Structures are given as structure tokens and as C-alpha cells.
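To keep things clear, I will list the structure first and then write my remarks on it.
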Amino acid sequence: MKLLNSMATIAGFTLLSRVAGMVRDMLTAAFLGAGPIADAFFVALKLPNLFRRVAAEGAFSVSFVPLYTKTLTNDGEEAAGKFSGEVFSVMALILSVFSVVVMLAMPWVIHLIAPGFEEGTERYSWAVTLTQITFPYLMLMSFVALFGGMLNAHSKFAPFAAAPIIFNLTLIAFMVIGGHIFPTVGHAMATGVAMSGLFQLAMMVFFTRRHKIVFHFQRPKLSEKTKRLFILMGPGALAAGVYQFNLFVDMILASILPEGSISFLYYADRLNQLPLSLAGIAVGTALLPMLSKALASKEKEEGNDLFNRSLEFCFFVAMPAAVALLIVPIPMLATLFEYGKFTAQETLMTSYVLMGYGIGLPAYIASKVFMTAFWAHEDTKTPVKITIMTALFNVGACLCLIGPLGIAGISMATGLAGWIQVYLLNKKLKERNALEFDERLKTVFPKMAVCACIMAIILSALNYGLQNYFHGDFVTKTIALVALLGSGAITYALAIQVSGVLKISDIKNYLRRRKA
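In our numbering, each number is its position in the sequence shown, counted from 1, plus 4.
See the structure below:
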């Protein structure tokens, strides 16, 4: 029940963040469309976000939380506070130097990450300027990840889960208000990215002090535990960032395709991120400290149950979400983005990309659980080997599919790479005899798949009948989309109930226990 409560808290704040994010993306589509400024801004957003998700929220979080939790459990609050202070000071030194170097070298960096942006063009010059503005966000969010990891280890999940809401609200404010102050809306949004990092850090520090979590500033030094952290982070940077690296490869290849391709990838990924964040991040964030604690206490049975119930939750959410992305991408995209400079043709192109991501959605959500199982064992080497193989497969598949399928081939390759990753991770877990599937998971998984297929049939039929409504105004499209997705959700819920995967009595029992 503690895992479910924690996941519910994280998923709730993540949902609020994604709603704010959707509002932000709707405004972005209306203000920027899929033109050169949009492409430049999305590159400027992608680079610091890549380092943030791989290093700060990826390798750092999955390495820091188990070590911090173990220090907290075995040595107490004071030792944990000293350890976190040492990590903060070393990170501040390294990231300050790194940020300055990258910002000075940005013209060459843009050539590397967006080779299709020709020097002297608007896209290139804007990309250089906007990325220099956004890059300090990396250092600020690394500190946010540190304080967020401390809060999570103390089972205070809400502040870190709520932080992205600040990001989205800040960008909305700068987009709406700053557009009248800055040279372009892109410049206003880039400044908003950097400022949002400062606001999120202030919030994390506030809640750390409010919950009286011990934190001692230290001079930069590499203690044994700090060395252990950075040793784990090395391979962890690749292991935690396979999805981000795949998306980055997507962007590099998209930059050589016709103008607007990077924007199509961005808008499709934003919709794909909603279920990925709700399930994957909620489970991964809540599971890591709990699984680390169970393994530290040598409670293997509890750890195995946490692993299986997390996978069950992931597939419960991922399967209907993947069906929606594959069956009704155009209604969702038209309702959310088809306004202002974002046209019906851009909706169609983005829908092809979204379907490719939909293929791999369940795999990428499940991989969060598999990765967490290795990290909780302080094993980052096995995932990194699998990451390298998966990344190579993704690049090869992209190169094979981009010719016949264009921009859609890029996202399809990313989706297929997700399933390769899950297969290899599961195979290695079996070989280690660390964690294994229990009978309940083996029983409910095929039932969930059948329920998702029933939902797909209903969605297809309703989509055919409602398709004319998605050419109307915002209110008409919204009502039609709610009716479409609502009918699909009800169908899935009824099928789940009838098949016995989840009964109403189970939900009632859970709510009673939560109130108690």
C-alpha cells in the first residue's frame, strides 16, 4: 500500500504538470507552429534537457538515492547530511566549468547536434543564441535532483513531483508576457527555461528545510562515498539515458530532413510523454528508495513483490495509452495543437511520428522498472552494456527506415529499440536470479492485452463516426475527443473488471486501507 500511495502522489502531481505542459505546448504550437524559430527553440530545449535527464535525473538520481538511503539507514541523519553536502559542492564545481565551456563552444556544438542547420541561416543563428540562454538550466536542475533525491529518500515525494509544474507555468508566463519584451517569442521562452530552474531550486530548498532534512555544506572533496557515487554515475549516464540518447539521435537525423521535422518529433514526443511520465516516472521514483531499502534489509520476497506489482501497474496504464496513440493520433493532435500556425498538414505529419512512438510506449514504461531493479542492486554496468546495444540498434534501424518512411521511420526505430531493451534487461535479470515474474503477473498480463485489443476495436469504430467533428472549433473538438477517449477508457475498465484483472472490491479495499 505504501508503494501505491507514493505512486499515486507522484502520478497526481505529474498529471498536473502534464496538463500545464499541454497548455504550454498548445500555446507554443499557436505562436511558433513548426517553422525555423520553433526548430531552433526545440534544439535549445533539447540539449540541456538531454544532460539533465541523463546526468541529473538519470545517472545521478539512480546512483545517489541508493547510496544516500543506505547512509541514512546505517549511519544516521548527520552522516547523510554531510554526504549530500559533499556531493553538492563537487557538482557545483564541475558543472560550473562544464557549462561555461559548452556555452562558449555553442556554435560548434550546434553543428554537431543539428548538422542540417546551415551556418548563416536563421535556424542556425537562433539555435546558437537560444541554447546559450537555456544551458544554465542544466546546473540548476542538477541541484534540484540532489534535493529531490533527499526528499524522496525520506518518503517526501510531493515536492520533487510538483517541480515540473513550476517549469511549465514559468514558460507559459514568459511566452505570453515576455513576447512583448524579447526580440522573439523563442527568446522569451528560452529565458523562461533558465528562470524556471532557479524557481524549482528555491522550492526544493524550501521543502528540505521545512521537513528538517539535515544538509551540511562542505568544501569540494572526494570522500570514499562521493567517489563511489561518481563511479556509479559513469555507466549509469548511459544506462539511464537510453531513451534520451535515442531521441537525440532522432533529432540529429531529423535536422537533415525538410524544415519542420524537428518540430514534428517534439510535438509527438510531448503527447507520448504524458503516459510515459505518469506511469514510468511515478513507478521509478517511488520504487527505487523502497526497493533499495528492501534489498539493504535482505528482504528479497518484499523486493520481488514490489518489482512485480510495479510492472503490473505499468502495463495496466501503458497498454490502453499505446492503443490511443496508435488508433486515434490525429484527433488528439488536432484538438491540442491545430490552431494558429499549426496546420492540418502538420497534424498529419506529427501523427505518423506519434504512431511510431506508440509502438514502444509499453516497453519504455516497463524499462523504468527493470532499470530500477539493477540500480537498487547498485549494478549500473549491466544496464550500460544493454544500453549500448540498444542505442546501436536504434541508429541502425533509423538509417534503414528513414528512407522509405521519412520522419515516421525515426520514431518507429525508437519504438522498436524499446522492446529490444526490455527483452535484454529481462534476460539478464533471469540469469542473475535476482527478481522474477510471479504467477499473478503471468496471469494478468495476457488478460490486459486482450482488454486493450477490445478497446482498440471500439476506438476505431467511434473514430470513424466522429472524424468530422475534429475539423471544428476548440470546444467542438474537445467534446468529441473527451467522448472518444472516455468511451475507450470505459470499455477498457469494463473489460478489466469482467476479466478479473482488477475488481471493484480491490479498489474499495485499497481506499479503506488508505483512509485507515
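Glycine is no exception: its CB is placed at the ideal position from the N, C-alpha and C atoms.
Computed from a predicted structure; not experimentally measured.
Quick check on the DSSP output: the alpha helix (DSSP H) that includes residue i runs from which residue to which?
i: F374; result: A348 to A380
i: G400; result: K385 to L409
i: T125; result: Segment: none, T125 is in no alpha helix (DSSP H) and carries neither H nor E.
i: N78; result: S65 to D79
i: A2; result: Nothing in the structure corresponds to residue 2, since the chain is present only between 5 and 520.
i: A338; result: P333 to F341
Measure how close the beta-carbons of residue i and residue j come, nearest whole angstrom, since I'm counting them as under 8 Å.
i: A33; j: Y343; result: 7 Å
i: I334; j: S355; result: 5 Å
i: S103; j: F147; result: Not a contact, Cβ separation roughly 12 Å.
i: I414; j: A258; result: 6 Å
i: R436; j: N312; result: Between N312 and R436 the Cβ distance is about 16 Å, and since that is not below 8 Å, they are no contact.
i: Y72; j: M154; result: 7 Å
i: L261; j: I411; result: 6 Å
i: F68; j: V91; result: 7 Å
i: L463; j: I331; result: 5 Å
i: A484; j: F474; result: 6 Å
i: A370; j: N398; result: That belief does not hold up - the Cβ atoms of A370 and N398 are roughly 17 Å apart, past 8 Å.
i: A322; j: P279; result: 6 Å
i: I169; j: A24; result: 6 Å
i: N308; j: E122; result: Not confirmed; about 54 Å, so no contact.
Closest to residue i by C-alpha separation, out of the options, would be which residue?
i: F374; options: V426, V448 and T418; result: V426
i: K50; options: L489, A149, A38 and V197; result: V197
i: F219; options: S464, V47, G422 and G89; result: G89
i: A456; options: I170, R223, S491 and L429; result: S491
i: V486; options: T77, G410, N467 and I98; result: N467
i: G264; options: G360, F203, T212 and Q349; result: Q349
i: V47; options: S267, A401, K446 and A497; result: S267
i: A177; options: A166, V189 and A167; result: V189
i: S200; options: A167, K225 and P279; result: A167
i: L428; options: H184, A367, G407 and I114; result: A367
i: L352; options: A338, G362, K345 and Y361; result: A338
i: P450; options: T384, F319, C404 and T391; result: F319
i: L365; options: E440, S281 and A377; result: S281
i: D43; options: L108, S67 and T135; result: T135
i: L275; options: C404, L329 and Q222; result: L329
i: G422; options: S100, T394 and G476; result: T394
i: I137; options: N172, L175 and A194; result: A194
i: P70; options: L233, K86, V106 and I170; result: L233
i: F378; options: G360, N430, F341 and I424; result: N430
i: M145; options: H158, S65 and M26; result: S65
i: L202; options: M323, L142 and F211; result: L142
i: H191; options: V448, L150, L36 and S227; result: L36
i: G310; options: I424, I256, G39 and A380; result: The residue you asked about is not Gly; residue 310 is Leu in the sequence shown. L310 has its Cα closest to that of A380, out of I424, I256, G39 and A380.
i: P163; options: M336, S503 and T18; result: T18
i: L433; options: K385, N472 and Q471; result: K385
i: G39; options: M359, Y270, P224 and M110; result: Y270
i: S159; options: I117, A24, L340 and F211; result: F211
i: T480; options: T391, P187 and L340; result: L340
i: T495; options: G504, I458 and S503; result: I458
Discussion item. Threshold first: 4 residues or longer. Then list the alpha helix (DSSP H) segments lying entirely within the segment 448-486, N to C.
Written reply: Counting whole runs of 4 or more residues, the segment 448-486 contains no alpha helix (DSSP H) stretch at all.
Check your understanding: In the segment 155-237, which residue ranges form an unbroken alpha helix (DSSP H) of at least 4 residues, counting only runs that do not cross its ends?
Key -> Listed in chain order, the complete alpha helix (DSSP H) runs (minimum 4 residues) inside the segment 155-237 are 162-182 and 189-214.
At which residue ranges does the segment 77-117 contain complete alpha helix (DSSP H) runs of 4 or more residues, listed in the order of the chain?
Entirely contained in the segment 77-117, the alpha helix (DSSP H) runs reaching 4 residues are, in chain order, 81-108 and 110-117.
*Quick one: which unbroken beta strand (DSSP E) runs of 3-plus residues sit fully inside the segment 422-447? Chain order, please.*
none
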